[in-house]
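Written out below as structure tokens is the structure these notes cover.
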Amino acid sequence: MTHSTPTVSPAVPKTRGGGASPTATSRRARVLIYAVLAVALAATLMPFAWMLLSSFKTQGELVRDPSGWLPQSPTLSNFTTWLGDLHIGDYFLNSLIVAVFTVLGNLLFCSMIGYALAKLEFPGKRLLFALVMITLMVPGVVTFVPMFVMVAKLQMVNTYPALILPFLATPLGVFLMRQFMLGIPDSLLEAARIDGAGQIRTFTRIVLPLCGPPLATLAILTFLGSWNNFLWPLVAAQTEDKYTLPVALALYSQGQNSTHYGLLLAGSVLVIAPIVALFMALQRYFVQGIATVGIK
Numbered sequence: 184m185t186h187s188t189p190t191v192s193p194a195v196p197k198t199r200g201g202g203a204s205p206t207a208t209s210r211r212a213r214v215l216i217y218a219v220l221a222v223a224l225a226a227t228l229m230p231f232a233w234m235l236l237s238s239f240k241t242q243g244e245l246v247r248d249p250s251g252w253l254p255q256s257p258t259l260s261n262f263t264t265w266l267g268d269l270h271i272g273d274y275f276l277n278s279l280i281v282a283v284f285t286v287l288g289n290l291l292f293c294s295m296i297g298y299a300l301a302k303l304e305f306p307g308k309r310l311l312f313a314l315v316m317i318t319l320m321v322p323g324v325v326t327f328v329p330m331f332v333m334v335a336k337l338q339m340v341n342t343y344p345a346l347i348l349p350f351l352a353t354p355l356g357v358f359l360m361r362q363f364m365l366g367i368p369d370s371l372l373e374a375a376r377i378d379g380a381g382q383i384r385t386f387t388r389i390v391l392p393l394c395g396p397p398l399a400t401l402a403i404l405t406f407l408g409s410w411n412n413f414l415w416p417l418v419a420a421q422t423e424d425k426y427t428l429p430v431a432l433a434l435y436s437q438g439q440n441s442t443h444y445g446l447l448l449a450g451s452v453l454v455i456a457p458i459v460a461l462f463m464a465l466q467r468y469f470v471q472g473i474a475t476v477g478i479k
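Numbering (the working numbering), first residue to last: 184 to 479.
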């Protein structure tokens with residue numbers, strides 16, 4: 184006598200009103216998200232693509248057809264002018280010196296101030312942090328006149344210290360480091376103190392090694408701000424040997440009667456190339472640092 188084995192059909196998800204299944208709905212949502220991201224990415228990259236392609240055009244072609252994309256007669260004359268006659272290497276070196284020392288100063292001072300505001304107790308701590316937050320909301324241009332007066336009284340106009348010292352610590356950097364250090368457990372620091380570590384050793388051996396992502400984020404943001412800074416170097420650097428890249432780009436792309444658009448676009452490509460390279464190299468740390476601070 185044989186017994187027939189009952190067969191069980193796979194369960195089919197039921198939907199209300201006979202509509203699309205959750206899987207199909209999820210797929211459509213994913214396609215919609217990708218479409219929106221693709222449009223946003225294209226809108227973001229289009230100006231850079233036009234700038235790169237137009238940097239190979241002549242002045243006449245740019246004036247005749249400014250909205251065109253592909254150069255009709257590609258030329259390297261705009262780049263050779265910057266690399267040859269205008270000595271862009273000197274301005275590049277000035278920008279690099281200012282940016283590197285500004286980054287190093289921000290990493291040192293902002294991390295020290297952030298540690299004090301996050302982990303130390305002293306009178307006026309809350310008031311000091313409130314002042315940092317207030318200065319974060321003040322436009323930087325407002326402080327240019329008093330900064331120039333101070334630099335002039337110190338006889339540092341047209342020097343590298345004049346370009347570097349006013350930006351060695353920024354409110355944004357202090358806020359970034361404080362927010363990350365608040366997440367470091369106090370018990371870890373107490374254990375270090377019980378083992379005999381002082382404040383300096385606790386800061387350098389325990390806290391700083393844990394701050395890799397925010398330090399990388401601060402380094403990228405500071406380098407970007409210093410590299411693109413135009414107004415303060417225009418005021419503080421008064422001779423050609425102290426010009427930075429943005430100042431040289433603005434001054435030498437202006438002719439007597441018109442703007443040299445090809446020269447301006449080629450110079451812009453040369454200026455942003457180091458920024459793109461830096462971001463590509465530190466992208467992982469930058470995203471991780473921003474995400475971590477946001478969670479805090």
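Glycine included, C-beta positions come from ideal geometry on N, C-alpha and C.
According to DSSP, residues forming a beta bridge with T400: DSSP, once it has assigned bridges, lists no residue as partnering T400.
Rounded Cβ spacing between P280 and V357 (contact assumed at less than 8 Å): A small correction: the amino acid at residue 280 is Ile; Pro does not occupy that position in the sequence shown. Actually they do not touch by this definition, with Cβ atoms about 24 Å apart.
Integer-rounded CB distance, given that Q421 should sit under 8 Å from D340: Position check: residue 340 holds Val in this sequence, whereas Asp was assumed. Their Cβ separation, rounded to whole angstroms, is 7 Å, which keeps V340 and Q421 in contact under 8 Å.
Neighbourhood of P349 by C-beta, 6 Å cutoff - its chain only, sequence neighbours within 5 removed: M330
With 16 other Cβ atoms within 10 Å as the buried cut-off, status of N440: exposed
Sequence-distant residues of its chain with Cβ nearer than 7 Å to V334 (five each side left out): V340, A345, A419
Short Cβ contact (7 Å threshold) for G445 with L245: yes
Beta-carbon separation (whole angstroms), W265 vs L448, contact threshold 8 Å: The pair is not a contact, with the Cβ atoms about 11 Å apart (cut-off 8 Å).
Minimum C-alpha distance to M234 - residue among N261, T318, A218: N261
M364 vs Y274 beta-carbon contact at 7 Å: no
Contact the region 455–469 vs the region 404–411: 3+ CB pairs below 8 Å: yes
Cβ-based neighbour list, V430, same chain, cut-off 8 Å, excluding 5 preceding and 5 following: Y274, F413, P416, L417, A420
Test item: CB-CB of N277 and T400 under 7 Å: no
Burial state of T185, where buried means 16 or more other Cβ atoms lie within 10 Å: Low local confidence applies: a pLDDT of 43 at T185 is under 50, so the model's placement there is unreliable, with the coordinate-based value given in what follows. Exposed, by the Cβ-count rule.
Collapsed DSSP secondary structure at T241 in the structure displayed: coil
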